[in-house]
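Just below is one structure, and these are the notes that go with it.
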Amino acid sequence: MSKQSLKFIVLIMAVLMMQSMGIGAALSAKSISGTVLSSTDNEPLIGATVQVDGAQGGTITDFEGNFKIEANEGQTLVVSYIGYITKKVKVGAASVLNITLDEDKASLEEVVVIGYGVQKKKLVTGATVQLKGEDVAKLNTNNALQAMQGQTPGVNIISESGQPGSGLKVIIRGQGSNISNSPLYIIDGIPGDITNINPSDIQSIDVLKDAASAAIYGAQAANGVVLVTTRGGKEGRAQVTFDAYMGWERAARKIELLNASQYMALMDEQARNSGADSYKWDAYPSIYNQKTGELNNTNWINEMFKDNAMTQSYTLGVNGGSATNTYAVSLGYYSQEGIVGGKQASNYERYNFRANMEQKLFDDLLKVGENVSFAYNKTKGIGTGNMYNNALRGAYGTSPLQAIWLDEQPARPDLNNGYAYSEATDWYQYDGNPVSGLYRSRNLSDNQNWVANVYAELQPVKNLKIKTQLGFNHNSSSYRSYTPAYTVTTNSKQDVSTVSQSMYKGWTLTWTNTATYDWNIKDHAFNAMIGMESERFQGDNMSGNNTLLDIFDQWSTAYLNNAVNLNTGELKGYPSNDYRRVSYFGRIGWNYQDKYMLNATLRCDGSSRFADGHRYGWFPSVSAGWVITEEKFMQSLKPVLDFFKIRASWGQVGNNSIGDYLFAAPVTLIGAGYNFGTGKGAELNTVGAYANRLGNSDLKWETSEQTDLGFDARFLNGRLNVNFDWYYKKTKDWIVQAPVLSTAGAEAPFINGGNVTNKGIELGLSWRDNIGKDFSYNVGANFAYNKNEVGEIPTIDGMIHGSTNIMFNNQTEFYRCENGHAMGYFWGYRTDGLFQNQQEIDNWIAAGNGVLNGVAPGDVKIVDMNHDGQITDADKVDLGNGIPKYNFGFNLSFNYREFDFSTVWSGAAGFKVANGGYRNWGNGDQGNYTTYFLQRWTGEGTSNEVPRLVNGDISWTNFSDLYLQKGDYLRIANITLGYDFAKLISQKWLSQARLYFQIQNLYTFTKYNGMDPEVGFGQDAWMSGIDTGSYPHARTFLVGVNLKF
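Going by our numbering, the first residue of the sequence shown is number -12, and it counts up by one from there.
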């Protein structure tokens, strides 16, 4: 967005502000005094606002509810108070007015969604948190989960990548499993995928955090439950809404690389430190621009990124209905171009349709509903994984002396679509061309998701409701990729084109039946629910690849059937997934005068993913609440403390998010090549079959048990809200592969063993109030802390090992799960600064400490943890992990007349990031560095942090805390300023005409020197915090409109 546009926007907003604050003429007035009381208990309301209707200013009541204001006869006083219904009182002859306000029953009786039903918020005895749909929609996120960042304590949301269409890791109350930590998503009563939902269609998101709240979902709920309710129709005339925005994106932060002169100086220094002479740069003519004679000075990071990538969204909705029929229909479109490479390299598009309808029949005896939705998305992307599949990583290490284009060397063969390649460079012939790599390969994936959900609810007698619901979820996807023949380096080239394709389709059918009954016995209120649910899933997929497209060698014709190489092609079909589950569950609740509450649930799940004898699991829970403010001894605190409820809960839930048939011994076909001694060699070889993994029919559920203590409080007539929870969660019976002898002849079986504990606290604070009639505001803050520890892993060494070769070639394991440590901790050497001179090295060795081979002044000191005089794996220790211990957020919003402003901040602390972007070691000794290396050691006392430069650098080829940085950050996630023109336009048919401006990801406060401290990549599902060249989050400038007719 240009500076001129911004100035114009500011000017418009300033003019509107001045107009809305116009000062009316003063009239003669008399003094009116009086008292504002609560109609419930006749107590004075402290801080109630009293204002003359249509006038500026006003007053508030004192500690006894008294007020005084100037007004004329015939004018109207507007009296308002948080949690009460605003009242208008006409001024007559009397100069003393006693005004009573009624409680706003709607706000007091606010309900939240729970498993298979709803419940009054004040009666909830579990740990839940709710985010309203309007708060989700205002943030304009592609994925509704992003809107939850910083606003839902205890829910840690980590973006896996800033690439358009990328996913998010959602961790509720700490990681509990080595297989899957993703929560269960329930969309309008049936399991679904929240990423397929248009955020504008959401009515509310409720998160069930403790086991007592989630136990009603049994074996699916070990990682928590997210309940999404979409918008339904409302009785009344048809209302049409149109929401649209358009935005421009750019990288919020880029890593700084050495320029050509800096690079050459460091290369010379590195050569001298390695015992060689400085480079004779004039001997490499290709490093100079042939037209200007100047050095090539390519900033590969800048070349990879594109400014002003576009994002846009459009949603059209209609809702309305009668007393017996309601409907809500919406259409949506969203697109986002990538800031790396632009639309051609990475792009995401999504189309949405949703229709929710409900009919009431036979005088409300029967209620019938239908929810239908369709989502279609298309994604193009670049590699964002480890060093072998990461497009950005190459830009970190490629020499700035290499040109981007071949224009200056027209005689060279062009196998790279006009881009330069290193074999056209006489300086260093192993560098690639990362910009070319962005566009060389093409890929496209698309996904279609149909969901149909129908239900019928019968109320044969008062307070009894019988409901049946049938949900069908169909998903299909396809993927296609193409790479032409190319030459990048001697070691990186492809002589023929390649193509690959894959297809998948699957469906899930869920049938749920429940019966609920409510009854009272004097002051005792009871509710009971019983139900059963069955689910079946089937899915099939296949994939293929081939080479040599020949005359069809282009993206538009790159399909398997056009490849002509009949010898190298491969087509694979995979076993059909067939999963079935049956569940029986019940819940009973009791409360006495809304003062004492007790709830209990029990669920039994049967799953086809386990063998006979272990297919069924039982999951109980119990929770209780006590509203202390309903006690007589608390009444004296009522003017200050409105509501205080203590909660306690305990429950067990399970995790069956595993593959099918893990308990079985799968059979694999193979041409074994066995010689039968016939003298005919391989002629008699036939295809054989063998069990490639040992079976275990005793495999059972992972089980999570959790205890929760908390309280909910409201102060000062609902102005201040406080929520607090302490929890202890232990997940046991992990599903791991057992140790097995190599002579077993097959892979190890899956067994149960290992556990992890998570314990922590959560705090939520909010304050909402009015200042006068026209100004209202809301401030919120939240904080969560979690400590995670693994125990009893049943392997020989008590650990689950991490992957290798992630950040550089031949890199050994550097993260793992181990008894007594947090999940996914970084495992490496601890350092103690740098050796400053030879005497310091000699003294270090004399003290019995080990050193790395070839150590010299300027190299890193590795701490010899066991003091055995050697540096070995035995000296590697826990260096921290990549999952934050602390998560926090802040939000502020206010409304002044037609203006609205809001901001959301989110942050995390207590975690480390492995910064693999210091140097791309895959480019060898001539690879480029970041400017971090300008602080390197160049002589005694010059640095105690950044080692000297040397070929084959021993300081960096062993993973140590040199690679680790604190990832703590605080992000200004969103700032929005809007104005509603509807009153200015003053047309009855237009109820809202809001124009707004928004900035997303404005700034991130952090000491991390990579591009983004929020790094979700970890290779394994239980790992995060490895930055191998992560796709950063964009800074986005948006302009949008909200129209209602």
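Quick reminder that beta carbons are idealized off the backbone N, C-alpha and C, glycines included.
Item                                                                                                                                                         : Value
Can you give me the C-alpha to C-alpha distance between R399 and Q389, rounded to a whole angstrom?                                                          : Summary for R399: the model assigns pLDDT 38, below 50, so the residue's position carries little reliability; its value from the coordinates is reported in the next sentence. Whole-angstrom Cα-Cα distance: 15 Å.
Restricting to Cα atoms, I'd like to know which of F968, V766, N806, G308 is closest to R884.                                                                : F968
Measuring only the C-alpha atoms, how far is R680 from P736?                                                                                                 : 6 Å
With 16 as the cutoff for other CB atoms within 10 Å, does K619 come out buried or exposed?                                                                  : exposed
For the candidate residues I575, P653, Q456, V448, whose alpha-carbon lies nearest to that of E522?                                                          : Q456
Take M8 and list the residues in its own chain whose beta-carbon comes closer than 6 Å to its own, dropping the five residues that flank it on each side.    : Because M8 carries a pLDDT of 40, less than 50, the predicted location of this residue cannot be relied on, and the following value inherits that uncertainty. Around M8: no qualifying Cβ.
Going straight from the alpha carbon of N564 to that of N358, what length do you get?                                                                        : 27 Å
Evaluate contact between the region 325 to 341 and the region 163 to 171, counting only Cβ atoms and requiring at least three cross-stretch pairs below 8 Å. : no
Which term fits N403, buried or exposed, when burial requires 16 or more other beta carbons within 10 angstroms of its beta carbon?                          : Its pLDDT being 47, under 50, N403 is placed unreliably by the model, and the measurement read from it follows with that caveat. Result: buried.
Helix, strand or coil for Y873? Go by DSSP, reduced to three states.                                                                                         : strand
Let me check one thing: in DSSP terms, what residues is K196 bridge-paired to?                                                                               : DSSP, once it has assigned bridges, lists no residue as partnering K196.
The alpha helix (DSSP H) that contains V123, what's its start and end?                                                                                       : 120 to 125
Under three-state DSSP, which class holds V551?                                                                                                              : coil
Suppose you measure from the CA of M852 to the CA of G205; what does that come to, to the nearest Å?                                                         : 45 Å
Once you ignore the five residues that flank W287 on each side, which residues in its own chain have a CB closer than 6 Å to its CB?                         : A382, T385, P421
Would you call W214 buried or exposed, if buried means 16 or more other Cβ atoms sit within 10 Å of its Cβ?                                                  : It is worth fixing the name first, because residue 214 is Leu in this sequence and not Trp. L214 is buried by the Cβ-count criterion.
Which residues mark the beginning and the end of the alpha helix (DSSP H) in which L425 is found?                                                            : 421 to 427
Going straight from the alpha carbon of P871 to that of T718, what length do you get?                                                                        : 19 Å
What is the DSSP secondary structure of R259, counted as helix, strand or coil?                                                                              : helix
What is the DSSP secondary structure of M998, reduced to helix, strand or coil?                                                                              : coil
Let me know the secondary structure DSSP gives I177 once reduced to three states.                                                                            : strand
Tell me the DSSP secondary structure of D629 in three-state form.                                                                                            : strand
Using three-state DSSP, classify I203 as helix, strand or coil.                                                                                              : helix
May I ask which residues mark the beginning and end of the beta strand (DSSP E) holding L496?                                                                : 485 to 508
Skipping 5 residues on each side, what residues in its chain have a beta carbon closer than 7 Å to that of Y1018?                                            : S148, G149, Q150, V327, T371, L379
Within 10 angstroms of the Cβ of E779, are there 16 or more other Cβ atoms? Answer buried if so, exposed if not.                                             : exposed
Around the Cβ of Q693, are there at least 16 other Cβ atoms within 10 angstroms (buried) or fewer (exposed)?                                                 : buried
Please classify K716 as buried or exposed, where buried requires at least 16 neighbouring CB atoms within 10 angstroms.                                      : buried
Mapping DSSP to helix, strand and coil, what is K760?                                                                                                        : coil
How is S610 classed by DSSP in three states: helix, strand or coil?                                                                                          : strand
From the DSSP output, read off the bridge partner residues of K452.                                                                                          : T503
With DSSP as the reference, please indicate the residues paired to W637 in a beta bridge.                                                                    : V609, T694
With which residues is H461 paired in a DSSP beta bridge?                                                                                                    : W437, W494
Taking Cβ to Cβ, would you say S691 is nearer than 8 Å to G141?                                                                                              : no
Using C-beta distances below 7 Å, list every residue in its chain close to G909, excluding the 5 sequence neighbours before and after it, in chain order.    : Any answer about G909 is weak, because its pLDDT of 46 lies below 50 and its placement is not dependable; what the coordinates show is given next. Once the five neighbours on either side are set aside, the close Cβ partners of G909 are M374, G384, F795, N796.
I think Y566 touches R596, with their Cβ atoms under 8 Å apart; what is that distance to the nearest whole Å?                                                : 7 Å
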